[in-house]
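This report refers to the structure that appears directly beneath it.
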Amino acid sequence: MTTVIGVRFRTAGKIYYFDPAGMQIKRGDHVIVETARGIEYGFVVLGNRQVEESKVVLPLKPVIRMATQEDEAVEKRNREKEKEAFRICKEKIKKHNLEMKLIDAEYTFDNNKVLFYFTADGRIDFRELVKDLASVFRTRIELRQVGVRDETKIMGGIGICGRTLCCHSFLSEFIPVSIKMAKEQNLSLNPSKISGVCGRLMCCLKNEEETYEMLNSKLPSTGDYVTTSDGLKGEVHSVNVLRQMVKVVVTVDKDEKEIREYRA
Numbered sequence: 001m002t003t004v005i006g007v008r009f010r011t012a013g014k015i016y017y018f019d020p021a022g023m024q025i026k027r028g029d030h031v032i033v034e035t036a037r038g039i040e041y042g043f044v045v046l047g048n049r050q051v052e053e054s055k056v057v058l059p060l061k062p063v064i065r066m067a068t069q070e071d072e073a074v075e076k077r078n079r080e081k082e083k084e085a086f087r088i089c090k091e092k093i094k095k096h097n098l099e100m101k102l103i104d105a106e107y108t109f110d111n112n113k114v115l116f117y118f119t120a121d122g123r124i125d126f127r128e129l130v131k132d133l134a135s136v137f138r139t140r141i142e143l144r145q146v147g148v149r150d151e152t153k154i155m156g157g158i159g160i161c162g163r164t165l166c167c168h169s170f171l172s173e174f175i176p177v178s179i180k181m182a183k184e185q186n187l188s189l190n191p192s193k194i195s196g197v198c199g200r201l202m203c204c205l206k207n208e209e210e211t212y213e214m215l216n217s218k219l220p221s222t223g224d225y226v227t228t229s230d231g232l233k234g235e236v237h238s239v240n241v242l243r244q245m246v247k248v249v250v251t252v253d254k255d256e257k258e259i260r261e262y263r264a
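Heads up: the sequence shown at position 79 corresponds to 79 in our numbering, and the numbers run straight through without jumps.
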């Protein structure tokens, strides 16, 4: 076992593990850590805890220090600088006539790099754009192309449920979602009903997958032939998964048929 803390750098971003370096760090604290991108200011979402060594990539980088008020001020200044960087980059994209949509700009805490996130239909030759941006910001420039799901995660929005998008509020990583999940939940397969803001299948289809799999395992399928609790035989007409009710077409008198509902 090894002691770790979990740190995020952006809202609903991926959680990264660090060595607390002997400090007692709790959820809600801010820390300064070293990452592959340089020195970063992070938000602690998991306080000191023991995890199996097989679940982390060792050796873990140690926390440099607890964030100070000065660090917090630097972070706020960086957030303001990102707005200006976004505006400038957007102008440069227009100047170079590039078919790309700028999504976000991000400064590393130590200002050694500015990252620009964008979407595009295909590959973009942005070498001249990078040179232009480097001459303006006098630091390392990185342009990172993202997909539509990442775009939505970064920008945020409101889902058809009326709540903030799951990917923007709490989902650390995207999970595989399939049309089979919608079928198991007896949802309309109309794309407009089961697609999220990004145009892909809604992530929340995964939330109740296990529950529906368990409930469906207790029910017959539509079209199955069954014997009912009152001894009649018939064909399953439909099922209500949540109510655990089954409608069956049964023969009640010679050739007379009717639909009756039974509890599974």
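Even glycine gets a Cβ: it sits at the ideal position worked out from N, Cα and C.
By the Cβ neighbour-count rule, residue 58 is exposed, with fewer than 16 other Cβ atoms within 10 Å of its own. Scanning 149, 78, 133, 61 for the CA closest to the CA of residue 94 turns up 133.
Secondary-structure assignment with DSSP links residue 185 through no beta bridge to anything.
Across the set 239, 210, 234, 75, the C-alpha of 239 shows the shortest separation from the C-alpha of residue 221.
Residue 44: member of the beta strand (DSSP E) spanning 38-51, first to last residue. In this structure, the CA atom of residue 62 is about 31 Å from the CA atom of residue 85. Closest in C-alpha terms to residue 96, from the list 131, 105, 48, 259, comes 131.
Less than 9 Å divides the Cβ of residue 249 from the Cβ of residue 237. Here residue 114 really is in contact with residue 139; their C-beta atoms are around 6 Å apart, less than 8 Å. About 6 Å separates the beta carbon of residue 82 from that of residue 107, a gap short enough to meet the 8 Å contact definition. Comparing alpha carbon positions, the residue from 219, 233, 90 closest to residue 225 is 233. If you draw a straight line from the Cα of residue 44 to the Cα of residue 72, it comes to about 14 Å.
Residue 23 and residue 16 have their C-alpha atoms some 17 Å from each other. The beta carbons of residue 260 and residue 245 sit about 11 Å from each other, so the pair does not count as a contact at 8 Å. Take the alpha-carbon of residue 247 and the one of residue 197: they are about 35 Å apart. Taking 9 Å as the cut-off, the beta carbon of residue 60 is found closer than this to the beta carbon of residue 18.
If you ignore the 5 residues before and after residue 9, its C-beta comes within less than 6 Å of the C-beta of 40, 42, all in its own chain and listed in chain order.
In the structure shown, residue 214 falls within a helical segment according to DSSP collapsed to helix, strand and coil.
Residue 215 has its alpha-carbon roughly 7 Å from the corresponding atom of residue 242.
Listed in chain order, the non-local C-beta contacts of residue 170 below 6 Å within the same chain comprise 12, local neighbours out to five positions each way being set aside. The region 187-249 contains, as complete alpha helix (DSSP H) runs of 4+ residues, the segments 191-194, 209-216 (chain order). Taking 3 residues as the minimum length, the beta strand (DSSP E) runs contained wholly in the region 47-129 are 63-66, 101-107, 113-119, in order along the chain.
In the three-state DSSP reduction, residue 143 falls in the strand class (E or B). Per DSSP, the continuous beta strand (DSSP E) segment holding residue 260 begins and ends at 256-263. As DSSP reads the structure, residue 8 sits in a beta bridge with 43. Counting along the chain, no beta strand (DSSP E) covers residue 151; the unbroken alpha helix (DSSP H) around it starts and ends at 148-155.
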